[in-house]
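Reading through the structure tokens given below for one structure.
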Amino acid sequence: MSAGDGVTGQWGGVDVHFGEEGGRLTYGSYLRLAELLDQQRLESEPPAHDELLFITIHQVYELWFKQNLHELTASRDAMLAGELWLAEHLLRRVHTIERVLTQQVDILETMTPQDFGEFRHRLSPASGFQSVQFREIEFLSGAKDPSFVRRFRGLTDVEKDRLRRRLEEPTLWEAFLDVLRKGGFDTDSEDSIRGALRTVAGDRSHYAAIWELAEALLQHDELAAAWRARHVVMVERMIGTKPGTGGSSGANYLRSRLDLRYYPLLWDLRSNL
Ligand code: HEM
Ligand SMILES: N[C@@H](CC(=O)c1ccccc1NC=O)C(=O)O
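Residue 273 is where the sequence shown ends in full-length UniProt numbering, and the numbering goes up by one at each step.
Below is the structure:
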């Protein structure tokens, strides 16, 4: 076989030549692996062994954040278009990715505090606090907080624009209220929304699509809370009560974020069922 030949074999008695379609696209060129695999640049000198793991984990997070923003945006738009089955289908994919994101913490915890200490001092003032996509997910999900845009240091204009756009566009919760209105419910006040949710929960056979969508939103909220809880315990294991590289009090600040819920009315509903 000469260089450039595809793999030759038999498939159901037919000769096949994998990798020759058009002769241009390869695994590596399609996935842009040369570029992707060249993005891990260590700050430590001499290189700390565990810094590659630290960078890789964060880059994988950001790739999944990008995917989740893609799915959550489409789910929001499906709700606004009245396609409830699609909105729910996409949210279920988001749940699966969110479970992986929480499990990934296990990999990072194979790094000891001593080994983290070899390069941690080089990271300041950078921190996960500056993850634009993480904040975009929070805003899109329903927890819009313009103060984060002000508190961000070192945002590029493109990043600022992305966050401002997320602050302006409808959230998943607003899209869900639109679903309720199209289902004939009044959503003008918090009390009327509570009433609508109780009616839906009390007659699931009639409001099956809306109920399942509400459950999928609650699951998204619960999985986000599970990540925050997992992250703060890992932080205590890694740096104890030290302040964070981002300038916060560290684990104390993160504990103050544990009660955040995207959909408090869906949680309140539980007390009244
Ligand atoms: C050794 C592992 C880690 C440690 C010790 C750590 C520590 C911290 C600390 C102390 C903060 C508070 C901000 C500050 O630095 O002052 C923070 C925030 C944050 N970290 Fe981490 N982190 C770790 C890994 C990760 C990973 C893998 C991610 C995934 C992207 C992540 C995402 C975030 C996010 C999004 C915030 C902001 C949370 C919020 O404002 O609610 N961190 N982290
Ligand atoms: N904030 C962490 C450092 C850290 O974990 C970090 C540093 C730079 C980029 C992302 C990070 N991940 C999460 O905060 C610390 O205080 O140790």
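C-beta: ideal position from N, C-alpha, C; glycine also. Being a predicted model, the structure only gives us computed values, none of them experimental.
Taking the C-beta atoms as reference points, Phe176 is found nearer than 8 Å to Leu217. With fewer than 16 neighbouring CB atoms inside 10 Å of its own CB, Lys242 falls in the exposed class. Residues Gln40 and Leu42 of the same chain have their beta carbon placed closer than 8 Å to that of Leu52, with the five preceding and five following residues left out of the count.
For Phe185, there is no enclosing alpha helix (DSSP H), as DSSP marks it with neither H nor E.
Cβ neighbours of Arg122 within its own chain (closer than 7 Å, five residues either side excluded): Glu43 and Ser44. In terms of side-chain proximity, the C-beta atom of Gly240 is found no nearer than 7 Å to any non-hydrogen atom of ligand 1. For Glu222, the uninterrupted alpha helix (DSSP H) run begins and ends at Ala208 to Ile239, by DSSP.
Contact between the region 89-107 and the region 46-65 is established, with three or more Cβ pairs separated by less than 8 Å.
Residue state for Gly117 is assigned as helix, using DSSP reduced to three classes. Ala208 and Ser249 have their C-alpha atoms spaced approximately 45 Å apart. Gly244 is classed as buried because its beta carbon has at least 16 other beta carbons within 10 Å across all chains shown. Taking 7 Å as the cut-off, the C-beta of Thr110 does not count as close to any heavy atom of ligand 2. The straight-line gap separating the alpha-carbon atoms of Phe129 and Arg230 is approximately 16 Å.
Thr73 has its alpha-carbon roughly 28 Å from the corresponding atom of Ala126.
Rounded to the nearest angstrom, the gap between the Cα atoms of His206 and Glu174 is 22 Å. A direct Cα-Cα distance of roughly 13 Å separates Arg165 from Glu138.
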